[in-house]
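Novice: Let me give you the structure first, and then I'll get to my questions.
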Amino acid sequence: MHSFEELSTAFTARFDVQHFPSHPATLYEPASYFLGIGGKRIRPVLCLMGNELFGEIDPDAWHLAASIELFHNFTLIHDDIMDKAPLRRGMPTVHEKYGASTALLTGDVMMVIAYDYLSRIQAQHIRPIMHIYNQTAREVCEGQQMDMDFEKMDRVDLEAYQRMIGLKTSVLLAASLRIGAILGGAGLGNQQHLYDFGKNLGLAFQVQDDYLDAFGDPGKFGKQVGGDIVAGKKTFLLIKTLEVATAEQHRRIDELKKADAIPKIEGMLEIFKACGVDAWARELKEKYMQAAYQALEDIAVLSRRKEPLKQLAAFLVQREY
Numbered sequence: 013m014h015s016f017e018e019l020s021t022a023f024t025a026r027f028d029v030q031h032f033p034s035h036p037a038t039l040y041e042p043a044s045y046f047l048g049i050g051g052k053r054i055r056p057v058l059c060l061m062g063n064e065l066f067g068e069i070d071p072d073a074w075h076l077a078a079s080i081e082l083f084h085n086f087t088l089i090h091d092d093i094m095d096k097a098p099l100r101r102g103m104p105t106v107h108e109k110y111g112a113s114t115a116l117l118t119g120d121v122m123m124v125i126a127y128d129y130l131s132r133i134q135a136q137h138i139r140p141i142m143h144i145y146n147q148t149a150r151e152v153c154e155g156q157q158m159d160m161d162f163e164k165m166d167r168v169d170l171e172a173y174q175r176m177i178g179l180k181t182s183v184l185l186a187a188s189l190r191i192g193a194i195l196g197g198a199g200l201g202n203q204q205h206l207y208d209f210g211k212n213l214g215l216a217f218q219v220q221d222d223y224l225d226a227f228g229d230p231g232k233f234g235k236q237v238g239g240d241i242v243a244g245k246k247t248f249l250l251i252k253t254l255e256v257a258t259a260e261q262h263r264r265i266d267e268l269k270k271a272d273a274i275p276k277i278e279g280m281l282e283i284f285k286a287c288g289v290d291a292w293a294r295e296l297k298e299k300y301m302q303a304a305y306q307a308l309e310d311i312a313v314l315s316r317r318k319e320p321l322k323q324l325a326a327f328l329v330q331r332e333y
């Protein structure tokens with residue numbers, strides 16, 4: 013069994029090649045630029061880990077992992093356009109550097125090449141994997157649309173937000189694991205347990221992300237805390253606060269919407285703490301983690317084969333950055 017770090021290094025060595033033709037350079041250079049920015053590569057490595065959970069890594073798993081990483085980057089390029097984001101991983105976004113029209117086409121062609129990698133796997137696995145892959149792609153789009161819809165709404169209930177995060181973030185993590193497991197010969201029960209592990213892990217990851225943005229150590233977090241507060245983003249913390257806040261706290265929240273960045277952050281953090289959502293978020297993360305660990309425990313393979321996934325899960329939700 014390999015650790016996440018070992019598989020990440022092996023995947024990066026295989027993936028950091030030229031995926032695109034050279035002509036027209038105005039289309040393919042932005043695609044290579046965006047991949048060159050890098051990233052955590054969590055999803056493709058989860059595919060490899062899902063495969064290795066049930067046996068030796070199948071050569072087709074590397075094609076699937078490349079397909080998943082290209083698909084994920086396609087969604088990021090388009091998300092950045094929709095969010096009007098100037099930076100991604102500290103570098104100019106594709107639409108900022110090359111223009112929105114080119115960014116749209118770059119994302120499109122990246123998705124096409126993702127499907128080309130998918131088509132290279134053995135015929136007996138194509139149908140079940142393609143079904144999950146396409147279902148996941150549709151769900152990611154649904155989650156992104158819900159996220160944009162929420163921006164126009166004054167209030168979003170917790171259940172709706174959880175569903176949005178599940179679609180936008182968690183299903184791709186879960187599907188990456190399940191697709192790898194299919195190559196490893198996992199039965200339907202084990203596939204579902206692994207999928208449930210990934211989905212709950214994704215939800216715990218998002219709770220931790222929302223928590224760190226508000227309460228993280230700026231020195232470890234790598235950026236100024238409170239970015240979500242300044243942007244007025246609906247997060248687990250804000251949604252729960254709006255649910256439990258008093259009338260006076262609601263009035264104060266409305267006042268803070270017009271405040272400058274620093275007073276707004278300080279004021280909202282006071283309200284978060286007064287409403288107890290810092291402790292609530294830690295408890296919610298733990299709830300998702302326990303559900304994830306239980307799903308992993310239910311998979312019918314030797315416990316030692318699960319250790320790399322347990323270690324990765326602990327790292328992802330205990331991180332301080």
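Going by the numbering used here, the first residue of the sequence shown is number 13, and it counts up by one from there.
Every residue, glycine too, gets a C-beta built ideally from N, C-alpha and C.
How close, in whole Å, do the beta carbons of Glu18 and Pro56 come, if the pair is a contact with beta carbons under 8 angstroms?
Specialist: The residue labelled residue 18 in the question sits at position 6 within the sequence shown. The residue labelled residue 56 in the question sits at position 44 within the sequence shown. 14 angstroms between Cβ atoms; not a contact.
Novice: Taking the alpha carbon of Lys109 as the reference point, which residue from Gln323, Asp92 and Gly288 has its own alpha carbon closest?
Specialist: The residue given as residue 109 occupies position 97 in the sequence shown. The candidate whose alpha carbon is nearest that of Lys109 is Asp92.
Novice: On a Cα-Cα basis, can you pick out the residue from Tyr173, Arg167, Ala186 and Val124 that is closest to Thr148?
Specialist: As a working note, residue 148 is residue 136 in the sequence shown. It is Ala186.
Novice: On the three-state DSSP scale, how would you describe Met103?
Specialist: The sequence position of residue 103 within the sequence shown is 91, counting from 1. If DSSP states are grouped into helix, strand and coil, Met103 belongs with the strands.
Novice: Quick one: Cα of Phe86 to Cα of Asp310, how far?
Specialist: Here residue 86 refers to the residue found at position 74 when the sequence shown is read from its first residue. Here residue 310 refers to the residue found at position 298 when the sequence shown is read from its first residue. Whole-angstrom Cα-Cα distance: 34 angstroms.
Novice: Between which two residues does the alpha helix (DSSP H) carrying Asp72 extend?
Specialist: Numbered from its first residue, the sequence shown carries residue 72 at position 60. Start and end: Pro71 to Asp95.
Novice: Under a three-way DSSP split, which group does Val313 fall into?
Specialist: Position 301 of the sequence shown, counted from the start, is the residue given in the question as residue 313. The answer is coil: DSSP assigns Val313 none of H, G, I, E or B.
Novice: In whole angstroms, give me the CA-to-CA distance for Lys269 and Leu170.
Specialist: Here residue 269 corresponds to residue number 257 of the sequence shown, with the count starting at 1. Here residue 170 corresponds to residue number 158 of the sequence shown, with the count starting at 1. Going from the Cα of Lys269 to the Cα of Leu170 covers about 21 angstroms.
Novice: If we ignore side chains and look at the alpha-carbon of each, how far apart do Met176 and Leu250 end up?
Specialist: The count along the sequence shown starts at 1 and reaches residue 176 at position 164. The count along the sequence shown starts at 1 and reaches residue 250 at position 238. If I take the Cα positions, the gap works out to 15 angstroms.
Novice: What does the alpha-carbon distance come out to for the pair Arg190 and Asp221?
Specialist: Taking the first residue of the sequence shown as position 1, residue 190 is located at position 178. Taking the first residue of the sequence shown as position 1, residue 221 is located at position 209. One C-alpha to the other measures close to 24 angstroms.
Novice: To the nearest angstrom, how far is it from the Cα of Gln156 to the Cα of Pro140?
Specialist: For this step, residue 156 is matched to residue 144 along the sequence shown. For this step, residue 140 is matched to residue 128 along the sequence shown. Their backbone Cα atoms lie some 25 angstroms apart in a straight line.
Novice: Per DSSP, what kind of secondary structure is Lys297 in: helix, strand or coil?
Specialist: As a first step, residue 297 must be located in the sequence shown, where it is residue number 285. Lys297 falls in the helix class under three-state DSSP.
Novice: With DSSP as the reference, label Asp208 as helix, strand or coil.
Specialist: Against the sequence shown, residue 208 aligns to sequence position 196. DSSP places Asp208 in helix when its eight states are reduced to three.
Novice: Just how far apart, CA to CA, sit Leu296 and Phe32?
Specialist: Looking up residue 296 in the sequence shown gives position 284. Looking up residue 32 in the sequence shown gives position 20. Approximately 43 angstroms, taken between the alpha carbons.
Novice: Skipping 5 residues on each side, what residues in its chain have a beta carbon closer than 6 angstroms to that of Ile277?
Specialist: By one-based count along the sequence shown, residue 277 stands at place 265. Hits under 6 angstroms: Gly238 and Ile241.
Novice: Quick test of your reading: Gly197 and Gly62, contact by CB under 8 angstroms. State the CB separation rounded to the nearest angstrom.
Specialist: Translated into the one-based positions of the sequence shown, residue 197 becomes position 185. Translated into the one-based positions of the sequence shown, residue 62 becomes position 50. Their Cβ separation, rounded to whole angstroms, is 12 angstroms, which puts Gly197 and Gly62 out of contact at 8 angstroms.
Novice: Look up Val237 in the DSSP assignment and say whether it is helix, strand or coil.
Specialist: Reading the sequence shown from its first residue, position 225 is the one you call residue 237. Three-state DSSP puts Val237 in coil, outside helix and strand.
Novice: Taking only the alpha-carbon atoms, compute the straight-line gap between Thr253 and Phe227 and give it to the nearest angstrom.
Specialist: Along the sequence shown, read from residue 1 onward, the residue named residue 253 stands at position 241. Along the sequence shown, read from residue 1 onward, the residue named residue 227 stands at position 215. If you take the alpha carbons of Thr253 and Phe227, they lie about 15 angstroms apart.
Novice: So, for Arg167: in the same chain, excluding its five sequence neighbours on each side, which residues have a beta-carbon less than 7 angstroms away from its beta-carbon?
Specialist: For the purposes of this step, residue 167 is taken as residue 155 along the sequence shown, with counting starting at 1. Leu254.
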